[in-house]
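Beneath this line is the structure, given in structure tokens, with notes to follow.
Residue numbers (my numbering): 5 to 145.
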């Protein structure tokens, strides 16, 4: 009897503990991760093969703009859900690098405007709870 009670207690404890845990979320990295050392190696006048050796293949191969290479990078943290995005465009003329356009906005999820939580109307459960437990109002005689 005591063994069954112990096993039941352990099983119930394990169920309760695992039910309270947050799921594991992985970090999501997409695109070309380009660091400062790689950017420092880029020089105007480099040919496409040299640039491809340093940075890797561009993420977007646009058939309409063959002299423009776009490199994108996106990182979403699984733990904090913050998102970082970077964009860089390389412009070539006659197969030589002439311009580097950087869009390092570093946009994060917390930089985006959020709705004011006070302006939201209550949800289904809040409305139901208020209907059930609404305080009784005194009626005038």
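Positions of the beta carbon are idealized from the N, C-alpha and C atoms, including for glycine.
These numbers were taken from a predicted model, which means no experiment stands behind them.
- The beta carbons of residue 74 and residue 64 sit closer together than 7 Å.
- Here the C-alpha atom of residue 20 lies approximately 10 Å from the C-alpha atom of residue 14.
- About 4 Å separates the beta carbon of residue 77 from that of residue 90, a gap short enough to meet the 8 Å contact definition.
- In this structure, residue 30 keeps its C-beta atom at 7 Å or more from the C-beta atom of residue 80.
- If you look at residue 35, you'll find it in the beta strand (DSSP E) that goes 32-35.
- By the CB criterion at 7 Å, residue 58 and residue 47 fall outside the cutoff.
- Per DSSP, the continuous beta strand (DSSP E) segment holding residue 89 begins and ends at 87-97.
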